[in-house]
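Peer 1: I'd like to ask you about the structure that follows.
Okay, structure coming up:
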């Protein structure tokens, strides 16, 4: 196991908890909505608000990672994540739940910035893509299998247990942060004349190469989590299946993602980052077109779970192929401000998730078609934004 793999695997555990907080509770949405007396739109807003808070936090955490270092950044974020989870577990109303999700989202953002920034500081371009791909493989099992675990929890315990679990895990993680992050190198001060040297985000916003990579990644990421957040409603209402079918969809997706990421690790030095990005984009185009076709078939009552699972697997496999290379391209273009580069990239990504999730929420009663159309539009935007060189 090389140094990229040795560092990447423990670092992935730091981002995993925040990702678990994003969707562990999704299978509990119907029970939560019933107990709190919330509408479908208000219940879906718990995901959109979490992602909006996560997006906004990226700018602050990116600055903090460059200014105070990764360890302090992750500790502060973990404390907020645990506190927000406690608020959610005790929430007496949908308004209190939304407040808790806001705090959760703010805390979850720390590691998502600090980890890729740390990797970019330590490794060269090819090894950084390898390390990011390994992190992505580990992380992908969390948001994908999180709802599977959530389903098991909801079948045997209260929906509130999903939030209690996050609070306890956050408490247990705190002593491990120093051990995992402590040996990592401190951020180097920016060199004059490099992107981000002025200490703010304006140089990055003027960096067209960075922005194209970052926006391409954001559109792809927004498409993925918009679909994941909508899937419980689609499976139960549009297809008339149980929540267990949603768990099956997630398993298809995570296996495809892990396969794509494993191929990326093996092929990055042979074929290069551009090959990974183009191949992944092709798979995602097929998935987007397929989902629109499935949606049209569903209008005639001819769609099924297997077709939906194949489309999800194609999209997630494409993400596994191109995700790390696209992120690596953005961070390389950011120059010495890796923390701010990661922060702005993830801000754009989570903003895309929040916007797409809430945009499609009022139309979920219409079935698969609104989700399919929006996913295809986001995939197209991601392809057009990707730099050609």
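Numbering (the numbering used here), first residue to last: 12 to 400. We put the beta carbon where it would ideally sit given N, CA and C, even for glycine. Keep in mind the model is a prediction, meaning the values are calculated, not measured.
(1) Give me, in chain order, the residues of the same chain whose beta-carbon lies closer than 7 angstroms to that of residue 288; leave out the 5 immediate sequence neighbours on both sides.
(2) If you run the structure through DSSP and keep just helix, strand and coil, what is residue 212?
(3) Decide if the stretch 364-381 is in contact with the stretch 261-280; the criterion is three or more beta carbon pairs, one per stretch, under 8 angstroms apart.
(4) Quick check on DSSP: helix, strand or coil for residue 81?
(5) Whole-angstrom Cβ separation of residue 382 and residue 295, contact assumed at under 8 angstroms?
(6) Within the same chain, show all residues whose beta-carbon is closer than 6 angstroms to that of residue 102, passing over the 5 residues directly before and after it, in chain order.
(7) For residue 159, collect the residues of the same chain with a Cβ closer than 6 angstroms to its Cβ; drop the 5 residues on either side in sequence, then sort them by chain order.
(8) Between the alpha carbons of residue 351 and residue 214, how many angstroms are there, rounded?
(9) Suppose you measure from the CA of residue 144 to the CA of residue 277; what does that come to, to the nearest Å?
(10) Could you have a look at residue 290 and say whether DSSP puts it in helix, strand or coil?
(11) Quick one: using the 10 Å Cβ neighbour count with 16 as the cut-off for buried, is residue 223 buried or exposed?
(12) Rounded to a whole number of angstroms, what is the C-alpha to C-alpha distance between residue 266 and residue 256?
(13) Report the option in 26, 341, 122, 182 whose CA atom is closest to the CA atom of residue 225.
(14) Going along the chain, which unbroken runs of the alpha helix (DSSP H) with 4 or more residues stay wholly within the stretch 294-347?
(15) Between which residues of its own chain and residue 128 is the CB-CB distance below 6 angstroms, once the five residues before and five after are set aside?
(16) Would you mind stating whether residue 84 and residue 119 have Cβ atoms separated by less than 7 angstroms?
(17) Classify residue 207 as helix, strand or coil using the three-state DSSP reduction.
(18) Out of curiosity, what's the CA-to-CA distance linking residue 268 and residue 30?
(19) Taking a contact to mean a Cβ-Cβ separation below 7 angstroms, would you say residue 116 touches residue 35 in this structure?
(20) Does the Cβ of residue 323 have 16 or more other Cβ atoms within 10 Å, making it buried, or fewer, making it exposed?
(21) Restricting to Cα atoms, I'd like to know which of 329, 377, 74, 47 is closest to residue 393.
(22) Three-state secondary structure (DSSP) at residue 169?
(23) Give me the Cα-Cα distance between residue 360 and residue 168, rounded to the nearest whole angstrom.
(24) Just to confirm the assignment, what range does the alpha helix (DSSP H) spanning residue 361 have?
(25) When you compare each of 95, 184, 233 to residue 22 by their alpha carbons, which one comes out closest?
(26) For residue 190, count neighbouring Cβ atoms within 10 angstroms of its own Cβ and tell me buried if that reaches 16, exposed if not.
(27) Identify which residue in 251, 286, 96, 271 has its Cα closest to the Cα of residue 57.
(28) Work out the CA separation of residue 134 and residue 157 for me, nearest whole Å.
(29) Pull up the distance between the alpha-carbon of residue 380 and that of residue 305, whole angstroms please.
(30) Please report how far the alpha carbon of residue 211 lies from the alpha carbon of residue 179, in whole angstroms.
Peer 2: Taking the coordinates as given:
(1) The count along the chain shown starts at 1 and reaches residue 288 at position 277. Result list for residue 288: 333, 336, 337, 397, in chain order.
(2) The sequence position of residue 212 within the chain shown is 201, counting from 1. Residue 212: coil per DSSP, three-state reduction.
(3) no
(4) As a first step, residue 81 must be located in the chain shown, where it is residue number 70. Note: residue 81 maps to helix in three-state DSSP.
(5) Here residue 382 corresponds to residue number 371 of the chain shown, with the count starting at 1. Here residue 295 corresponds to residue number 284 of the chain shown, with the count starting at 1. In fact, because the Cβ distance is near 15 angstroms, the residues do not count as touching under 8 angstroms.
(6) As a working mapping, residue 102 is identified with position 91 in the chain shown. If we look at residue 102 and ignore the five residues flanking it on each side, its Cβ neighbours are 108, 111.
(7) Taking the chain shown and counting its residues from 1, one reaches residue 159 at position 148. Here the set comprises 258, 261.
(8) The sequence position of residue 351 within the chain shown is 340, counting from 1. The sequence position of residue 214 within the chain shown is 203, counting from 1. Near 10 angstroms, if we compare the C-alpha coordinates of residue 214 and residue 351.
(9) The residue given as residue 144 occupies position 133 in the chain shown. The residue given as residue 277 occupies position 266 in the chain shown. In a straight line, the C-alpha of residue 144 is about 10 angstroms away from that of residue 277.
(10) Counting from one through the chain shown, the residue named residue 290 turns up at place 279. Three-state result, residue 290: helix.
(11) Here residue 223 is taken as the residue at index 212 of the chain shown, counted from 1. Buried: at least 16 other Cβ atoms inside 10 Å.
(12) Position 255 of the chain shown holds residue 266. Position 245 of the chain shown holds residue 256. So the alpha carbons of these two residues sit roughly 16 angstroms apart.
(13) The residue labelled residue 225 in the question sits at position 214 within the chain shown. The shortest C-alpha separation from residue 225 is found at 341.
(14) 316-344
(15) Numbered from 1 along the chain shown, position 117 holds the residue referred to as residue 128. Counting only Cβ-Cβ distances below 6 angstroms, and skipping sequence neighbours, we find 76, 349, 350, 353.
(16) In the chain shown, residue 84 corresponds to position 73, counting from 1. In the chain shown, residue 119 corresponds to position 108, counting from 1. Taking 7 angstroms as the Cβ cut-off, residue 84 and residue 119 do not qualify as a contacting pair.
(17) Within the chain shown, residue 207 is the residue found at index 196, counting from 1. Residue placement at residue 207 cannot be trusted, given a pLDDT of 43 that sits under 50; what the coordinates show is reported in the next sentence. If DSSP states are grouped into helix, strand and coil, residue 207 belongs with coil.
(18) For the purposes of this step, residue 268 is taken as the residue at position 257 of the chain shown. For the purposes of this step, residue 30 is taken as the residue at position 19 of the chain shown. For residue 268 and residue 30, the distance between alpha carbons rounds to 15 angstroms.
(19) Taking the first residue of the chain shown as position 1, residue 116 is located at position 105. Taking the first residue of the chain shown as position 1, residue 35 is located at position 24. No.
(20) Here residue 323 refers to the residue found at position 312 of the chain shown. Its Cβ being crowded by 16 or more others within 10 Å, residue 323 is buried.
(21) To locate residue 393, count along the chain shown from 1; it is residue 382. Here the closest residue by C-alpha is 329.
(22) Here residue 169 corresponds to residue number 158 of the chain shown, with the count starting at 1. Here residue 169 sits in coil by DSSP.
(23) Against the chain shown, residue 360 aligns to sequence position 349. Against the chain shown, residue 168 aligns to sequence position 157. Using only the alpha carbons, I get a separation of about 33 angstroms.
(24) Position 350 of the chain shown, counting from 1, holds the residue named residue 361. 349-371 is the extent of the alpha helix (DSSP H) around residue 361.
(25) Along the chain shown, read from residue 1 onward, the residue named residue 22 stands at position 11. Among 95, 184, 233, the Cα nearest to that of residue 22 belongs to 184.
(26) As a first step, residue 190 must be located in the chain shown, where it is residue number 179. Classification of residue 190: exposed, given that the 10 Å Cβ count is below 16.
(27) Residue 57 sits at position 46 when you count from the first residue of the chain shown. That would be 96, whose Cα lies nearest to the Cα of residue 57.
(28) Locating residue 157 in the chain shown gives position 146, counting from the first residue. Locating residue 134 in the chain shown gives position 123, counting from the first residue. If I take the Cα positions, the gap works out to 30 angstroms.
(29) By 1-based counting over the chain shown, the position of residue 380 is 369. By 1-based counting over the chain shown, the position of residue 305 is 294. Looking at the two C-alpha atoms, the distance is approximately 8 angstroms.
(30) Residue 211 sits at position 200 when you count from the first residue of the chain shown. Residue 179 sits at position 168 when you count from the first residue of the chain shown. When rounded, the distance between both Cα atoms is 35 angstroms.
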